[in-house]
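Visitor: The sequence shown begins at 13 in our numbering and counts up by one. All C-beta atoms, glycine included, are put in the ideal place defined by N, C-alpha and C. Just so we're clear, the structure is a prediction, and the values are computed from it rather than from any experiment. Supplied in structure tokens, the structure appears directly below.
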Amino acid sequence: MFQKIGRNDPCWCGSGKKYKTCHEAFDARIRKEQMAGHIVPRHDIIKTPAQIEKIKESCKINIAILDEIEKQIHEGMSTAEIDDIVMSMSEAAGAIPAPLNYEGYPYSVCTSVNDQVCHGFPSKDVILKSGDIVNVDCSTILNGYFSDSSRMFCIGEVSEEKQRLVQVTKEAVYAGLEAVKPWGYLGDMGQAVHDYCYERGYTVVREIGGHGVGLEFHEDPWVGYHSKAGTEMLLVPGMIFTIEPMVNMGKVEIYTDKENGWEVYTKDHQPSAQWEIMVLVTEDGHEVLCW
Ligand code: MF3
Ligand code: CO
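See below:
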């Protein structure tokens with residue numbers, strides 16, 4: 013799995029230190045986990061301090077864009093206006109919206125309303141109305157570094173049951189976050205999210221998950237929420253991934269619009285909510301980089 017490095021060679025992490033005084037013990041610990049049958053991260057998804065700094069700069073823009081949308085979003089606004097805000101703020105910051113042209117995706121942001129689970133197309137014909145819940149999923153490329161996060165917004169007077177869905181989904185993300193620690197497993201987080209939602213009567217979408225992020229939009233690992241604690245990829249300091257469960261009020265099944273191949277809906281057309289954060293695994297726990 014790892015390239016053979018001499019003990020006196022420079023470390024793979026780019027610190028300039030000798031391997032034996034840098035990541036040798038770290039790699040030995042990973043190898044031990046691998047021997048015990050665990051999935052382990054490759055070096056190329058473990059970020060160096062310099063990369064983390066660059067990724068944080070990208071996150072700052074992404075957070076600022078969502079903060080601005082939070083200020084401006086209102087009843088009567090079209091979701092195309094949200095797309096315009098993302099495009100113009102990205103441009104002003106010297107950044108690029110990551111969704112634009114990503115695998116053919118035609119807009120700068122995803123805006124998913126009510127029973128739309130994710131990848132909703134912004135449109136001048138989608139006018140936000142009182143009672144809607146909408147997810148705005150924003151992703152930024154700055155100097156080649158990626159950030160990705162999403163928030164829910166409640167428009168006007170939203171029913172208590174929809175407000176609760178939005179709130180519980182956010183709490184589920186933070187329940188998952190609490191389970192993120194170095195030398196733990198991704199499944200610790202997945203099960204925490206799953207249990208939090210199912211204990212409250214909701215279901216969590218199985219087919220679409222989070223992902224590693226930073227040097228690419230979507231990197232390993234794939235991040236699901238139907239996994240068990242103690243399983244899935246070993247978490248080590250320097251890994252960055254998203255926690256972004258899609259939580260359904262009704263049944264778990266979803267479908268994708270056949271005409272555009274992107275927009276995802278709940279099969280029973282009950283509402284769905286999602287919050288997304290970007291998390292760094294640190295030496296002693298975790299740090300939220302983007303929200
Ligand atoms: N932002 C989404 C995510 O959280 C990805 C959307 S893909 C796109 O991973 F092409 F629709 F942007
Ligand atoms: Co994401």
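Give the range of the alpha helix (DSSP H) segment to which A241 is assigned.
Guide: No alpha helix (DSSP H) contains A241, which DSSP labels as neither H nor E.
Visitor: Got a sec, what are the start and stop residues for the alpha helix (DSSP H) H206 sits in?
Guide: Residues L198 to Y210.
Visitor: Pairing CB atoms from the region 261–275 with CB atoms from the region 136–155, are three or more of them under 8 Å?
Guide: Flag = no, the region 261–275 and the region 136–155 do not touch.
Visitor: I'd like to confirm the pairing. Which residues does DSSP put opposite L154 in its beta bridges?
Guide: Bridge partners of L154: Y157.
Visitor: Quick one: which unbroken alpha helix (DSSP H) runs of 4-plus residues sit fully inside the region 131–195? Chain order, please.
Guide: Within the region 131–195, the complete alpha helix (DSSP H) runs of at least 4 residues are 172–190.
Visitor: Report the option in P134, A110, T215 and N126 whose CA atom is closest to the CA atom of S159.
Guide: It is A110 whose Cα lies nearest to the Cα of S159.
Visitor: Could you pull out every unbroken alpha helix (DSSP H) segment of at least 4 residues lying fully inside the region 35–67, listed in chain order?
Guide: Counting only runs of 4 or more, we get 36–47.
Visitor: Report yes or no: do three or more beta-carbon pairs, one from the region 65–79 and one from the region 160–171, lie closer than 8 Å?
Guide: They touch, by the three-pair rule.
Visitor: How big is the Cα-Cα spacing for K136 and S124?
Guide: Distance between the alpha carbons of K136 and S124 is about 14 Å.
Visitor: Near P283, what residues of its chain come up, given a Cβ to Cβ distance below 7 Å and the 5 sequence neighbours on each side ignored?
Guide: Hits under 7 Å: N126, D127, I145, K174, L177 and M261.
Visitor: Helix, strand or coil for N74, going by three-state DSSP, please let me know.
Guide: Helix.
Visitor: Use the C-beta contact count for K240: other C-beta atoms within 10 angstroms, 16 or more gives buried, fewer gives exposed.
Guide: Its Cβ having fewer than 16 others within 10 Å, K240 is exposed.
Visitor: Would DSSP call A92 helix, strand or coil?
Guide: Note: A92 maps to helix in three-state DSSP.
Visitor: Report yes if the C-beta of D207 is less than 8 Å from at least one heavy atom of the ligand MF3; otherwise report no.
Guide: Because no heavy atom of the ligand MF3 lies under 8 Å away, the Cβ of D207 does not count as near it: no.
Visitor: On the three-state DSSP scale, how would you describe G224?
Guide: Reduced to three states, the DSSP call for G224 is strand.
Visitor: May I have the straight-line CA-CA distance separating W287 from I97, to the nearest angstrom?
Guide: Distance between the alpha carbons of W287 and I97: 20 Å.
Visitor: Let me know if Y267 comes out buried or exposed under the rule of 16 or more other beta-carbons within 10 Å of its beta-carbon.
Guide: Y267 should be labelled exposed.
Visitor: Going straight from the alpha carbon of D56 to that of I42, what length do you get?
Guide: Looking at the two C-alpha atoms, the distance is approximately 14 Å.
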